[in-house]
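Going down the list, the sequences are from chains A and B. Here the first sequence is numbered in my numbering, starting from 1284 and rising by one per residue. Here the second sequence is numbered in my numbering, starting from 1284 and rising by one per residue. Here a beta-carbon is modelled for each residue, glycine too, at the ideal position from N, C-alpha and C. The structure displayed is predicted, hence computed values, not measured ones. Some notes on the structure that comes next.
There are 2 protein chains.
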Amino acid sequence: MKIGIIGLGLMGGSLGLCLRENKLISKVLGYDTDEKNAKEALNLGLVDELASFKEIKTCDIIILAIPVDAIVKVLKELKDTSSNTTIIELGSTKKEIIKSLPKELKSHFIAAHPMAGTENSGAKAAFKELYKNAVCVLCESEAAEVKHRQRAVELFSYLGMQIIFMNASAHDHHTAIISHLPHAISFALANFVMKEENKKNIVHLGGPSFKGMSRIAKSSPAMWGSIFEQNKENLLASIELFQNELELCKKMIQDDDEKALKKWMKKANALRDIL
Amino acid sequence: MKIGIIGLGLMGGSLGLCLRENKLISKVLGYDTDEKNAKEALNLGLVDELASFKEIKTCDIIILAIPVDAIVKVLKELKDTSSNTTIIELGSTKKEIIKSLPKELKSHFIAAHPMAGTENSGAKAAFKELYKNAVCVLCESEAAEVKHRQRAVELFSYLGMQIIFMNASAHDHHTAIISHLPHAISFALANFVMKEENKKNIVHLGGPSFKGMSRIAKSSPAMWGSIFEQNKENLLASIELFQNELELCKKMIQDDDEKALKKWMKKANALRDIL
Chain A
1284 MKIGIIGLGL
1294 MGGSLGLCLR
1304 ENKLISKVLG
1314 YDTDEKNAKE
1324 ALNLGLVDEL
1334 ASFKEIKTCD
1344 IIILAIPVDA
1354 IVKVLKELKD
1364 TSSNTTIIEL
1374 GSTKKEIIKS
1384 LPKELKSHFI
1394 AAHPMAGTEN
1404 SGAKAAFKEL
1414 YKNAVCVLCE
1424 SEAAEVKHRQ
1434 RAVELFSYLG
1444 MQIIFMNASA
1454 HDHHTAIISH
1464 LPHAISFALA
1474 NFVMKEENKK
1484 NIVHLGGPSF
1494 KGMSRIAKSS
1504 PAMWGSIFEQ
1514 NKENLLASIE
1524 LFQNELELCK
1534 KMIQDDDEKA
1544 LKKWMKKANA
1554 LRDIL
Chain B
1284 MKIGIIGLGL
1294 MGGSLGLCLR
1304 ENKLISKVLG
1314 YDTDEKNAKE
1324 ALNLGLVDEL
1334 ASFKEIKTCD
1344 IIILAIPVDA
1354 IVKVLKELKD
1364 TSSNTTIIEL
1374 GSTKKEIIKS
1384 LPKELKSHFI
1394 AAHPMAGTEN
1404 SGAKAAFKEL
1414 YKNAVCVLCE
1424 SEAAEVKHRQ
1434 RAVELFSYLG
1444 MQIIFMNASA
1454 HDHHTAIISH
1464 LPHAISFALA
1474 NFVMKEENKK
1484 NIVHLGGPSF
1494 KGMSRIAKSS
1504 PAMWGSIFEQ
1514 NKENLLASIE
1524 LFQNELELCK
1534 KMIQDDDEKA
1544 LKKWMKKANA
1554 LRDIL
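Written out as structure tokens, the structure reads:
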């Protein structure tokens, strides 16, 4: 079994690194439009070989580990792939991708979202443990054949992932709240703090709290710009509801209502029972 | 040299644990109004002995590791302490504390803010490495005698901390932006997400991004409620400026201005060069 990975960054590169250890896979081929990054991926041993886009098309499994707008484009170029090839995309949004899916690919296409990642990007950010113990959401498009669905389940479970199923609309709604909104907040916090503060103060006062809250503001604009656009409606709704919550906090401080403030904080503490 | 720690939680307990190794310190005494927590601190070896408030007053150094509103109260009860005793408070706000400082304590009082902590609280949260390599801000009140200032520097440098000096107003202004605002945001995010989502979705979709952004929402309400109140004006100003930044993000999404959005994200990426 031959695997072709399109996009050799954090996600694709880490996947290649893991899959090279799988004895049932004869070869992990890699493709990246950024030649320098592709070479780096090869040098780091993330893939067995680099390949042309045409060669990638002949693989048994093709993985799309690229920004969500690029996924929409590349799927069109994969129209003529054999229906025996499983095409798996790893995007963070689903509805737009599934909506734009060429009908020729419906029987062998799988939409997957591994809930794993770091703020780093590119081949050098890849590491073998990225997927271990993380959740992988599979948004089954009903038209996909059982053998392709099973391949995807086998592949992600081999990585040590916990697999859950969700439809595309639900996925985009919930990830807007739980993943995309936190990114919007972190980008906004980082930008605000760097506008207000000089480097020295950030270095001195940026303890573990600020570091934790601003870490994902270091994430790739190419990746997150397209996610924000593709999940526009859900994300805007989430930002507005979050703004209300923050306004509530402001109001309690303004009113010197420390009792209510502490109660509100205690409510937030309930997250301990969940995560 | 005898040290007395008032408040045997994460901060006080971790400090006791470290100081017990210091050969120049003959005894680390601990005091906590929560008897159960005090016993736990003793059992965990965070202090050598528990002591009464009266005994604590006889120590060479007294550390106040309690919420900022409690610091204001306890300082009044320490009025009659010998001027040879160094009183060090570890609060996250400074202006209100220094303003309320009894004049009897001015010559032997040090306001310190170790930029260290976790979301956990209580004696069982303490650990020896908490202060290692973190920054400690010293807000020198001009009236403090040199010997007390030197003692504080020696103590915090023994913990492996990097010491910096800042006046109280500047401290409160900058920590509002870099530390207190991130806490307000995290509490708001956690509360919003728990209102909108069930436990199952949070568990499944709460990857490293959400975990990082909501971690400090698990922090102690007793501690943070008082910080928000004592640093009210600065925090409100910070929240408002942050709200503007988030509004900017929303606007770019609404306008489908992906180019501007990516540029804004790239700006936030500059944090890589600082932290």
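Proximal residues of chain A, C-beta to C-beta of residue i below 8 angstroms
i: Thr1458 of chain B; result: Leu1488
i: Lys1549 of chain B; result: Pro1504
i: Leu1558 of chain B; result: Ile1485, Val1486, Gly1489, Phe1493, Lys1494 and Ser1497
i: Asn1416 of chain B; result: Simply none; closest approach about 11 angstroms.
Inter-residue CB distance, residue i and residue j (contact presumed, cutoff 8 angstroms)
i: Ala1394 of chain B; j: Cys1419 of chain B; result: Contact flag wrong, Cβ pair sits at about 11 angstroms.
i: Ser1452 of chain B; j: Ala1500 of chain B; result: At roughly 28 angstroms, the Cβ-Cβ gap does not stay under 8 angstroms, so Ser1452 of chain B and Ala1500 of chain B are not in contact.
i: Leu1373 of chain A; j: Ala1348 of chain A; result: 5 angstroms
i: Met1506 of chain B; j: Leu1554 of chain A; result: That belief does not hold up - the Cβ atoms of Met1506 of chain B and Leu1554 of chain A are roughly 17 angstroms apart, past 8 angstroms.
i: Leu1329 of chain A; j: Gly1299 of chain A; result: 4 angstroms
i: Pro1504 of chain A; j: Lys1549 of chain B; result: 5 angstroms
i: Ile1354 of chain A; j: Ile1381 of chain A; result: Incorrect: roughly 11 angstroms between the Cβ atoms, too far for contact.
i: Gly1560 of chain A; j: Met1294 of chain A; result: Only positions 1284 to 1558 of chain A appear in the structure, and residue 1560 of chain A is not among them; the question remains open.
i: Leu1529 of chain B; j: Ala1551 of chain A; result: The pair is not a contact, with the Cβ atoms about 19 angstroms apart (cut-off 8 angstroms).
Chain B residues whose Cβ lies nearer than 8 angstroms to that of residue i
i: Gly1400 of chain A; result: Gly1490, Pro1491 and Ser1492
i: Asp1455 of chain A; result: Ordered by position in chain B, no residue passes the 8 angstroms Cβ test against Asp1455 of chain A, which lies about 11 angstroms from the chain.
i: Ala1480 of chain A; result: Checking the displayed sequence, the identity of residue 1480 of chain A turns out to be Glu instead of Ala. Simply His1457, Ile1460 and Ile1461.
i: Ile1468 of chain A; result: Ile1468, Leu1472, Met1496 and Leu1529
Residues that residue i contacts on chain B, provided the C-beta gap is smaller than 7 angstroms
i: Gln1433 of chain A; result: Correct list: empty, because the minimum Cβ distance to chain B is about 21 angstroms.
i: Val1476 of chain A; result: Ile1460 and Ile1461
i: Lys1533 of chain A; result: Leu1519 and Ile1522
Option nearest residue i by Cα separation, candidates the options
i: Ser1365 of chain B; options: B:Leu1384, B:Ile1345 and B:Lys1382; result: B:Ile1345
i: Lys1319 of chain B; options: B:Met1535, B:Ile1339, B:Met1449 and B:Gly1290; result: B:Gly1290
i: Ile1557 of chain A; options: B:Lys1494, B:His1396, B:Gln1537 and B:Glu1528; result: B:Lys1494
i: Lys1285 of chain B; options: B:Asp1317, B:Asn1552, B:Ala1551 and B:Thr1341; result: B:Thr1341
i: Thr1572 of chain A; options: A:Val1429, A:Asn1474 and A:Arg1303; result: There is no way to answer for residue 1572 of chain A, as the model of chain A reaches only from 1284 to 1558.
i: Gly1287 of chain A; options: A:Lys1550, A:Asp1331 and A:Arg1555; result: A:Asp1331
i: Leu1307 of chain B; options: B:Met1496, B:Ser1297 and B:Asp1343; result: B:Asp1343
i: Asn1305 of chain A; options: A:Lys1533, A:Arg1498, A:Lys1411 and A:Ser1497; result: A:Lys1411
i: Gly1339 of chain A; options: A:Ala1473, A:Val1355 and A:Val1311; result: Going by the sequence as given, residue 1339 of chain A is Ile instead of Gly. Out of A:Ala1473, A:Val1355 and A:Val1311, A:Val1311 has the C-alpha closest to the C-alpha of Ile1339 of chain A.
i: Ile1460 of chain A; options: B:Glu1480, B:Ala1471 and B:Ile1460; result: B:Glu1480
i: Ala1408 of chain A; options: A:Asp1317, A:Glu1528, A:Ser1297 and A:Ser1497; result: A:Ser1297
i: Phe1485 of chain B; options: A:Ile1447, A:Lys1546 and A:Ala1471; result: Reading off the sequence, residue 1485 of chain B comes out as Ile, not Phe. Here the closest residue by C-alpha is A:Ile1447.
i: Phe1475 of chain A; options: B:Ala1435, B:Leu1531 and B:Arg1434; result: B:Leu1531
i: Leu1327 of chain B; options: B:Thr1316, B:Gly1292, B:Leu1358 and B:Val1357; result: B:Gly1292
Chain A residues whose Cβ lies nearer than 7 angstroms to that of residue i
i: Asp1539 of chain B; result: Glu1512
i: Phe1568 of chain B; result: One cannot answer for residue 1568 of chain B here, as it falls past the ends of chain B, which runs 1284 to 1558.
i: Glu1425 of chain B; result: Neighbours of Glu1425 of chain B on chain A: none; closest Cβ ~21 angstroms, over 7 angstroms.
Same chain, Cβ closer than 8 angstroms to residue i, neighbours up to 5 away in sequence not counted
i: Leu1464 of chain B; result: Leu1518, Ser1521, Ile1522 and Phe1525
i: Ser1462 of chain A; result: Ser1375 and Met1398
i: Glu1360 of chain B; result: Phe1336
i: His1457 of chain A; result: Met1449
i: Ile1309 of chain B; result: The question names Ile, yet the displayed sequence has Ser at residue 1309 of chain B. The residues are Met1284 and Lys1285.
Within chain D, partners of residue i - CB distance below 7 angstroms
i: Pro1465 of chain B; result: Here chain D cannot be found, since the structure's protein chains are A and B.
Sequence-distant residues of the same chain with beta carbon closer than 7 angstroms to residue i, five excluded per side
i: Thr1376 of chain A; result: Val1351, Asp1455, Ile1510, Gln1513 and Asn1514
i: Phe1336 of chain A; result: Tyr1314
i: Arg1362 of chain B; result: Note that residue 1362 of chain B corresponds to Lys in the displayed sequence, not to Arg. Closer than 7 angstroms at Cβ, skipping near neighbours: Pro1385, Glu1387 and Leu1388.
i: His1227 of chain B; result: As displayed, chain B neither begins before 1284 nor continues past 1558, which places residue 1227 of chain B out of reach and without an answer.
i: Ser1502 of chain A; result: Glu1402 and His1466
For residue i, the first and last residue of its enclosing alpha helix (DSSP H)
i: Ala1543 of chain A; result: Glu1541 to Asn1552
i: Glu1412 of chain A; result: Here Glu1412 of chain A belongs to no alpha helix (DSSP H), and DSSP marks it neither H nor E.
i: Ile1289 of chain B; result: Run containing Ile1289 of chain B: none in the alpha helix (DSSP H); it sits in the beta strand (DSSP E), Lys1285 to Ile1289.
i: Val1357 of chain A; result: Val1351 to Glu1360
i: Ile1557 of chain B; result: Premise fails: Ile1557 of chain B is in no alpha helix (DSSP H) and is neither H nor E.
i: Val1429 of chain B; result: Val1429 to Tyr1441
i: Val1486 of chain A; result: Lys1482 to Leu1488
Neighbourhood of residue i by C-beta distance below 6 angstroms, restricted to the same chain and skipping five residues each side
i: Met1444 of chain A; result: Tyr1414, Ala1417 and Cys1419
i: Leu1442 of chain A; result: Cys1301 and Tyr1414
i: Leu1488 of chain B; result: none
i: Ser1383 of chain B; result: Val1355
i: Ala1473 of chain A; result: Ser1497 and Ala1500
i: Arg1303 of chain B; result: Val1311
Cross-chain neighbours of residue i in chain A, by beta carbon under 9 angstroms
i: Arg1303 of chain B; result: Within 9 angstroms Cβ-Cβ: nothing; Arg1303 of chain B doesn't reach chain A, min ~24 angstroms.
Residue span of the beta strand (DSSP E) that contains residue i, given as start and end
i: Pro1397 of chain B; result: Phe1392 to Pro1397
i: Thr1369 of chain A; result: Thr1369 to Glu1372
i: Gly1313 of chain B; result: Lys1310 to Tyr1314
i: Leu1421 of chain B; result: Val1418 to Cys1422
i: Leu1524 of chain A; result: Per DSSP, Leu1524 of chain A belongs to no beta strand (DSSP E); it is in the alpha helix (DSSP H), Lys1515 to Gln1537.
i: Leu1347 of chain B; result: Ile1344 to Leu1347
i: Ile1446 of chain A; result: Gln1445 to Phe1448
Interface partners of residue i on chain B, CB under 9 angstroms
i: Asn1450 of chain A; result: In chain order: nothing, as chain B lies at least about 13 angstroms away.
i: Cys1342 of chain A; result: Ordered by position in chain B, no residue passes the 9 angstroms Cβ test against Cys1342 of chain A, which lies about 28 angstroms from the chain.
i: Lys1515 of chain A; result: Ile1536, Gln1537 and Asp1539
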